[in-house]
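Protein chains: 2
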Amino acid sequence: MEKPIRSGCPINLTLETLGDRWSLIVIRDIMFGNRRHYRDLLNRSEEGIASNILADRLKKLTEAGLLSAAPDPSHKQKTIYSLTEPAIELVPLLAQMGAWGRRHTPASRELSIRAQLLEEGGPPMWKAFMKELRALHLGARPPRRSVTRELNAAYEAELAAGEG
Amino acid sequence: MEKPIRSGCPINLTLETLGDRWSLIVIRDIMFGNRRHYRDLLNRSEEGIASNILADRLKKLTEAGLLSAAPDPSHKQKTIYSLTEPAIELVPLLAQMGAWGRRHTPASRELSIRAQLLEEGGPPMWKAFMKELRALHLGARPPRRSVTRELNAAYEAELAAGEG
DNA sequence: GCAACTGCTTGTGAAGTGCAAGCAGTATGG
DNA sequence: CCATACTGCTTGCACTTCACAAGCAGTTGC
């Protein structure tokens, strides 16, 4: 019993796979925070996702082809979640979401460093980031990871600042 | 009793106001379909939103400052809903959503004319469209409405094709 | 061997969604 | 001027999703 598709409108179709409170949060944490394991996503998420919701989203996103799950060679119980190409191509969407939230949301803290970096960098930076994500998650040959490291650092810094 | 904000991350803040199944659908129909009245949004929506959900979203989006509601001079019972500037600036986000859905969604019909137009037009077209939306919804002086008409026509054509 | 950790499930209540019906106040056509 | 249709919603009820806390079998490190 698959749920029926409501319309063929691309905006609607995107909403049908990502239009809920948590899917994009999970992808954000994997993408910008490089959280690759279940417990990482569960405990180090700023918003505090519930464990059953996280399990459900990981399952659905994997089934939808946005994530892949692979066993961790270094630990028999660990699963490594990776972004697939469709998820990597969400970078422009997440960049626009960040830009909008930064501008039009009352409580958006002044130091939205990562969103600001992504906004100022624009499409060229997005593309560089996507290229690096492909290396990190799809097994392409790894370049010098400058953009990724910069964005991850900004993400972690904001997390730390948010808890202070 | 306001619901608490989960984090100051701009992506999360955007999701807190728009991260549900229907909010962006409503904005899309007002934006691209120029549906300005409750019954228009209710009956001519491709996805078939429920009346109570529509009422709730119109209320919440108005409270959030994304829509404005004004009485219709020509009909004492009608309310005209208009996009405010924050909603108009969702154009790039919706364009990216459409572009992603068109590429990465299995059931995305071949004729996603509107999404394709927005994708090919890129940021210059988005800006022209936003300018026209400002005239239409914020009372700025109206230009020749070429982009709006083109996108609306594409939207209606797809709706008609979807029902065939 | 034992505590800490692994991904994930279960139980329970609250919140959101989906569907059908209805309601008071207009407009409209004859 | 009266029946009819239309206006923006509301109500009631079933169903699904979400949220929070607790727990569980297997694995690892000491």
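Residue numbers (my numbering), protein chains in the order written: chain Z, 1 to 164; chain F, 165 to 328. Note that the Cβ used here is the ideal one computed from N, Cα and C, for glycine as well.
In this structure, how does DSSP classify aspartate 20/Z when only helix, strand and coil are distinguished? coil
Can you name the residues of chain F whose CB is closer than 8 Å to the CB of threonine 14/Z? Within chain F, the residues near threonine 14/Z are Met261, Gly262, Trp264, Gly265 and Thr269.
Give me the Cα-Cα distance between tyrosine 155/Z and proline 306/F, rounded to the nearest whole angstrom. 42 Å
Could you check if glycine 98/Z is buried or exposed, using at least 16 other CB atoms within 10 Å of its CB as the buried criterion? buried
Looking at the C-beta of alanine 128/Z, does it have a partner C-beta in chain F at a distance below 9 Å? no
Considering just the uninterrupted stretch of the alpha helix (DSSP H) at leucine 225/F, what are its terminal residues? 215-227
Are three or more beta carbon pairs between the region 23-32 of chain Z and the region 42-49 of chain Z nearer than 8 Å? yes
Residues in the region 41-61 of chain Z having any Cβ partner in chain F nearer than 8 Å: Glu46, Glu47 and Gly48
Any C-beta of chain F under 9 Å from that of lysine 3/Z: no
DSSP beta-bridge partners for aspartate 236/F? His239/F
If we define contact as Cβ-Cβ less than 9 Å, is isoleucine 25/Z a contact residue for chain F? yes
Rounded to the nearest angstrom, what separates glycine 33/Z and asparagine 152/Z at their Cα positions? 5 Å
Let me know the secondary structure DSSP gives isoleucine 5/Z once reduced to three states. coil
Proximal residues to threonine 312/F (C-beta, below 8 Å), its chain only, five neighbours per side dropped: Asn198, Phe293, Glu296, Leu297 and Leu300
The alpha helix (DSSP H) enclosing alanine 128/Z, as first and last residue numbers: Where alanine 128/Z is concerned, the enclosing alpha helix (DSSP H) stretches over 113-138.
Quick one: any contact between the region 252-266 of chain F and the region 80-97 of chain Z, if contact means 3 or more CB pairs under 8 Å? yes
DSSP bridge partner residues for serine 246/F (one or two, in chain order): Ser232/F
Consult DSSP for serine 310/F and reduce its assignment to one of helix, strand or coil. helix
Hey, arginine 102/Z and glutamate 119/Z: beta-carbon distance below 9 Å or not? yes
Tell whether a beta-carbon distance below 9 Å holds between leucine 230/F and threonine 181/F. yes
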